[in-house]
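Chemist: Pasting a structure here, questions to come.
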């Protein structure tokens, strides 16, 4: 008799645990991610400008061009990830794990897509490498839209900026059949600087949901 | 959780959250990054104006909720939102709650096993 009453009780406890997990997920999904640092985004923008300026004085083939920018993006991403982990642990406290997990869940597909597209084009169709700067920026724009619920709303403008720049760069590079360093330098310098300003304002106002 | 000699003390269950009406208020707010209007909270939590105001005051004084008074057109509108501190502290509260539930589940399973062994030996 006692076992008959205990099993429904166990189910109730399991149900309660599941509901608490759902509430945790809702909490993470609606909390502003504080892992993005204004300073590191500003540095990324400056770096993009410097790399474009340096590259504009050199004659490079597509492979060289892509290698330089892929390396720059990887380096910036690594710095951003390290800063995000450090800041999230400091600012999100017990929620850091959930927030970082959510950021990874949203960002990783775009990162993987960028890597796969770059590899496929460089491996099988290097003559189409002119498409990569535009495609990278379009992917970045889509990433920005996908994480809007966890960032200040103004980030939507930056996401739109990257999406439009990516489209324009695709068109220009397609017409010219080649790429210019400024097709990367200008969008990223403006975009990342804008991200830095937005984050700085949001941090000062203490706005957003986290 | 409590000290080893007081494992059921549950010090981490913040009394500010651990109250039926306030738990309902906070649970309503977590899914709304921009907060909820006072009137919406009243409907969702089935509270009177006075009750809701009192509980919101407790949450605000603890720093868990931000209350903004503004206007919706010409009509005054009060908007309530979980603060960053509120979100972190609520996450900690949920963590303790999970520990309580897991402990209860673990104890229940042990008791069920013991009863089964008695009822169905071998």
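Protein chains in written order, with our numbering: chain S, 3 to 212; chain D, 178 to 299.
Just so you know, even glycine gets a beta-carbon here, dropped at the ideal spot from N, CA and C.
In this text the structure is predicted, and so the values were computed from the model without any measurement.
#1: Which partner residues does residue 213 of chain D have in the DSSP bridge list?
#2: Please state whether the Cβ-Cβ distance between residue 186 of chain S and residue 170 of chain S is less than 9 Å.
#3: Can you find a C-beta in chain S that's less than 9 Å from the C-beta of residue 195 of chain D?
#4: What would DSSP say about residue 61 of chain S, mapped onto helix, strand or coil?
#5: Which term fits residue 24 of chain S, buried or exposed, when burial requires 16 or more other beta carbons within 10 angstroms of its beta carbon?
#6: Using a Cβ-Cβ cutoff of less than 7 Å, which residues in the same chain neighbour residue 11 of chain S once the five nearest sequence positions on both sides are dropped?
#7: Got a sec? Which residues, its chain only, sit under 7 Å from residue 93 of chain S by beta carbon, not counting five neighbours each side?
#8: Any idea if residue 254 of chain D is buried or exposed, counting beta-carbon neighbours within 10 angstroms, 16 or more meaning buried?
#9: Output the residue ranges of the alpha helix (DSSP H) runs that lie fully inside the stretch 25-59 of chain S and measure 4 residues or longer, sorted by chain position.
#10: Give the range of the beta strand (DSSP E) segment to which residue 249 of chain D is assigned.
#11: Do you know offhand how far residue 52 of chain S's Cα is from residue 60 of chain S's?
#12: Between the beta-carbon of residue 273 of chain D and the beta-carbon of residue 97 of chain S, is there less than 9 Å?
#13: Name, going along the chain, the residues of the stretch 266-280 of chain D whose beta-carbon falls closer than 9 Å to a beta-carbon of chain S.
Modeler: Judging by the given coordinates:
#1: D:257
#2: no
#3: At least 9 Å separates the CB of residue 195 of chain D from every CB of chain S.
#4: Three-state result, residue 61 of chain S: coil.
#5: Around the C-beta of residue 24 of chain S, fewer than 16 other C-beta atoms lie within 10 Å, and the residue is accordingly described as exposed.
#6: none
#7: 36
#8: exposed
#9: 40-58
#10: 242-249
#11: 13 Å
#12: no
#13: Residues passing the 9 Å Cβ filter: 266, 267, 268, 269, 271, 272, 274, 275, 278, 279.
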